[in-house]
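Engineer:
In structure tokens:
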């Protein structure tokens with residue numbers, strides 16, 4: 001293919017570790033996508049980082065009495081440890097606290113300011129007399145004026161998805177002190193605004209062209225925003241934590257976190273290029289027409305981030321000029337926990353590290369991919385995760401692998417026999433495998449990850465049927481060469497299966513890579529089956545996946 005594929009993944013707040021809802025919503029789909037495209041021969045750049053700014057971080061560090069820089073460093077380290085354990089194949093995972101990010105964010109600000117897309121104005125900001133401070137938007141809570149949800153924040157309503165300002169809320173109160181006796185005050189303060197109305201027409205043109213590959217919910221949400229009419233949005237706040245405003249006289253204000261966080265995709269790409277010793281390489285993914293191959297950028301996010309990635313960030317790129325716009329924004333719905341949205345601030349989460357420590361990466365990766373909230377919300381349960389592990393990974397995929405490899409060891413001494421001319425059934429299962437590569441690749445490239453995984457598992461099911469029908473344990477009693485041909489064909493199928501599953505299950509694929517007598521990194525192989533030649537001596541295998549017994553499940 002040889003395309004340039006930019007994989008941009010939502011930046012998690014460095015305020016907590018990561019939970020499985022986040023992994024299912026943005027991170028795992030992005031990693032599966034990037035791994036496939038590398039195997040397909042494309043030039044992939046996958047970037048993200050820890051979002052270290054914003055008021056929640058400042059407030060929590062103040063509560064603990066520590067410097068916010070030390071606070072975010074601790075959580076950045078924890079997040080990176082989870083990514084390593086999960087098998088995230090970042091080209092760069094960075095943080096918004098770098099000098100590089102500050103420089104590029106300030107350049108974006110000044111460029112948009114000089115072009116007339118940022119202007120100064122005064123606005124009403126929420127002030128808590130009890131705490132004697134201006135409140136960040138997300139620390140103002142009240143009733144949404146649009147849908148009536150009583151837990152709406154001053155920046156967004158999680159119920160209807162609309163972005164808000166604190167002044168919009170009905171019966172607004174301070175989330176920091178929760179004081180009912182102290183009424184919030186709305187005080188005038190000067191800020192900088194992104195002039196979205198100036199960019200509505202080019203945004204409308206962009207969103208109306210060639211978006212048939214977008215998920216319907218994502219496109220509908222963005223188009224509804226435009227239909228309602230865009231309004232200018234403040235991009236600075238009264239804080240002393242974050243990227244400084246690059247103009248004199250505003251030392252007590254900082255660039256608002258939603259403005260600087262999306263710039264992180266670009267600043268991370270620049271940082272990656274510099275660390276590679278090729279400081280201009282980022283241009284191949286960001287400057288239109290520079291590369292001699294097609295360039296596509298994908299933004300993997302949860303649905304609560306749709307406005308920022310389909311309206312605000314494209315508007316910033318259009319205003320800045322000469323930058324590649326998003327090709328797709330495959331936003332997922334929510335993975336709920338017992339029917340409620342996963343939320344670390346509300347304590348309704350299952351921490352990723354806890355699951356990884358107990359069950360391992362591929363079991364979690366499989367379950368989250370198989371139940372991904374692509375078109376609607378899905379619910380995480382340990383019982384269903386364990387059932388899928390035992391019924392699908394162990395009893396289907398792992399079963400056909402283990403039966404084949406142990407038979408090869410016991411009846412052929414681990415040496416792959418020379419096949420006889422292939423029979424019709426042999427050709428059919430090999431054709432099924434070839435179709436699997438085509439269909440799984442197509443599904444992943446179109447961000448249909450659940451369907452891609454199901455297709456790969458269907459190939460494993462077909463392999464089980466082929467093995468049962470050929471029954472080499474019976475063949476060998478009357479025709480050793482026929483049994484040898486069956487096992488030879490099965491080794492080719494298993495070789496293909498370990499690569500079909502590789503974008504989803506990198507750890508077990510690497511393990512099986514070794515069982516097949518292959519060297520190197522399975523993820524570095526091309527998107528096709530590797531032929532295992534007759535005469536190859538294979539090492540003794542072990543079960544590919546552990547079966548989870550009920551007593552363990554009961555301890556979850």
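In our numbering, the protein residues as written are 1 to 556.
Glycine included, C-beta positions come from ideal geometry on N, C-alpha and C.
Predicted model only: the values in this text are computed from it and were never measured.
Which runs of the alpha helix (DSSP H) at least 4 residues long sit entirely within the stretch 29-66? Give them in chain order.
Structural biologist: 55-64
Engineer: Which one of 422, 457 and 405 has the shortest CA to CA distance from residue 542?
Structural biologist: Here residue 542 refers to the residue found at position 542 of the chain shown. Considering only alpha carbons, the answer is 405.
Engineer: Report the rounded CA-to-CA distance for residue 554 versus residue 498, giving the unit in angstroms.
Structural biologist: Taking the chain shown and counting its residues from 1, the one referred to as residue 554 is at position 554. Taking the chain shown and counting its residues from 1, the one referred to as residue 498 is at position 498. A caution first: residue 554 carries a pLDDT of 44, below 50, which makes its placement in the model unreliable, though a value can still be read off. The straight-line gap from Cα to Cα measures roughly 31 Å.
Engineer: How far does the alpha helix (DSSP H) with residue 354 in it reach, from first residue to last?
Structural biologist: Locating residue 354 in the chain shown gives position 354, where the first residue counts as 1. From DSSP, the alpha helix (DSSP H) with residue 354 extends over 352-359.
Engineer: How many angstroms separate the CA atom of residue 453 from the CA atom of residue 89?
Structural biologist: As a first step, residue 453 is located in the chain shown; it is residue number 453 there, counting from the start. As a first step, residue 89 is located in the chain shown; it is residue number 89 there, counting from the start. Roughly 19 Å between the two C-alpha positions.
Engineer: To the nearest angstrom, how far is it from the Cα of residue 306 to the Cα of residue 34?
Structural biologist: Here residue 306 corresponds to residue number 306 of the chain shown, with the count starting at 1. Here residue 34 corresponds to residue number 34 of the chain shown, with the count starting at 1. Straight-line Cα distance between these residues: approximately 21 Å.
Engineer: May I ask you to list the residues that DSSP assigns as paired with residue 93?
Structural biologist: Position 93 of the chain shown, counted from the start, is the residue given in the question as residue 93. Its beta-bridge partners are 48.
Engineer: Contact between the stretch 22-36 and the stretch 297-311 is defined here as three or more beta-carbon pairs at a separation below 8 Å; is this criterion met?
Structural biologist: yes
Engineer: Within the continuous beta strand (DSSP E) that includes residue 300, where are the two ends?
Structural biologist: Taking the chain shown and counting its residues from 1, the one referred to as residue 300 is at position 300. Segment 295-300, the beta strand (DSSP E) holding residue 300.
Engineer: Measuring straight from C-alpha to C-alpha, what distance separates residue 183 and residue 127?
Structural biologist: As a working mapping, residue 183 is identified with position 183 in the chain shown. As a working mapping, residue 127 is identified with position 127 in the chain shown. Their backbone Cα atoms lie some 9 Å apart in a straight line.
Engineer: Using only CA atoms, which one of 439, 449, 486 and 413 lies nearest to residue 421?
Structural biologist: Taking the chain shown and counting its residues from 1, one reaches residue 421 at position 421. The shortest C-alpha separation from residue 421 is found at 486.
Engineer: When you compare each of 230, 232, 410 and 204 to residue 219 by their alpha carbons, which one comes out closest?
Structural biologist: For the purposes of this step, residue 219 is identified with residue 219 of the chain shown, where counting begins at 1. Selected option, being the one with the closest Cα: 204.
Engineer: Quick check: what's the CA-CA separation for residue 225 versus residue 152?
Structural biologist: The count along the chain shown starts at 1 and reaches residue 225 at position 225. The count along the chain shown starts at 1 and reaches residue 152 at position 152. Looking at the two C-alpha atoms, the distance is approximately 18 Å.
Engineer: Could you round the C-beta distance between residue 496 and residue 534 to whole angstroms and report it? I think they count as a contact, below 8 Å.
Structural biologist: Locating residue 496 in the chain shown gives position 496, where the first residue counts as 1. Locating residue 534 in the chain shown gives position 534, where the first residue counts as 1. The pair is not a contact, with the Cβ atoms about 17 Å apart (cut-off 8 Å).
Engineer: Could you compute how far the alpha carbon of residue 216 sits from the alpha carbon of residue 310?
Structural biologist: Along the chain shown, read from residue 1 onward, the residue named residue 216 stands at position 216. Along the chain shown, read from residue 1 onward, the residue named residue 310 stands at position 310. One C-alpha to the other measures close to 13 Å.
Engineer: How many Å lie between residue 501 and residue 442 at the Cα?
Structural biologist: Taking the first residue of the chain shown as 1, we reach residue 501 at position 501. Taking the first residue of the chain shown as 1, we reach residue 442 at position 442. C-alpha separation (whole angstroms): 14 Å.
Engineer: At 4 residues or longer, what runs of the alpha helix (DSSP H) sit wholly inside the stretch 411-447?
Structural biologist: List check, alpha helix (DSSP H) in window: 424-445.
Engineer: Measure the alpha-carbon distance for residue 304 versus residue 158 and round it to whole angstroms.
Structural biologist: Start at 1 with the first residue of the chain shown, and residue 304 comes out as number 304. Start at 1 with the first residue of the chain shown, and residue 158 comes out as number 158. Going from the Cα of residue 304 to the Cα of residue 158 covers about 7 Å.
Engineer: With DSSP collapsed to three states, give me the class of residue 508.
Structural biologist: Position 508 of the chain shown, counted from the first residue, corresponds to residue 508. Residue 508 carries a helical assignment under DSSP once its states are collapsed to helix, strand and coil.
Engineer: Which residue wins for smallest C-alpha separation from residue 463, given the options 451, 48, 115 and 434?
Structural biologist: By one-based count along the chain shown, residue 463 stands at place 463. Of the listed residues, the one whose Cα sits closest to residue 463 is 434.
Engineer: What first and last residue would you give for the alpha helix (DSSP H) that runs through residue 80?
Structural biologist: Within the chain shown, numbered from 1, the residue matching residue 80 stands at position 80. Residues 68-86.
Engineer: Taking its Cβ as the centre, do 16 or more other Cβ atoms sit within 10 Å of residue 15, making it buried, or is it exposed?
Structural biologist: Here residue 15 refers to the residue found at position 15 of the chain shown. Label assigned to residue 15: buried.
Engineer: Can you say whether residue 82 is buried or exposed, counting buried as having 16 or more other CB atoms within 10 angstroms of its CB?
Structural biologist: In the chain shown, residue 82 corresponds to position 82, counting from 1. The residue in question, residue 82, is buried, as its Cβ has 16 or more Cβ neighbours within 10 Å.
Engineer: Going by Cα to Cα distance, which pick from 512, 269 and 101 is closest to residue 397?
Structural biologist: Translated into the one-based positions of the chain shown, residue 397 becomes position 397. The candidate whose alpha carbon is nearest that of residue 397 is 512.
Engineer: Count the other CB atoms within 10 Å of the CB of residue 52; is the residue buried (16 or more) or exposed (fewer)?
Structural biologist: Sequence index remark: in the chain shown, residue 52 carries index 52 (1-based). Residue 52 comes out buried.
Engineer: Do residue 494 and residue 270 come within 8 Å of each other at the CB atom, strictly closer than that value?
Structural biologist: The count along the chain shown starts at 1 and reaches residue 270 at position 270. The count along the chain shown starts at 1 and reaches residue 494 at position 494. Judged by their CB atoms, residue 270 and residue 494 are not nearer to each other than the 8 Å cut-off.
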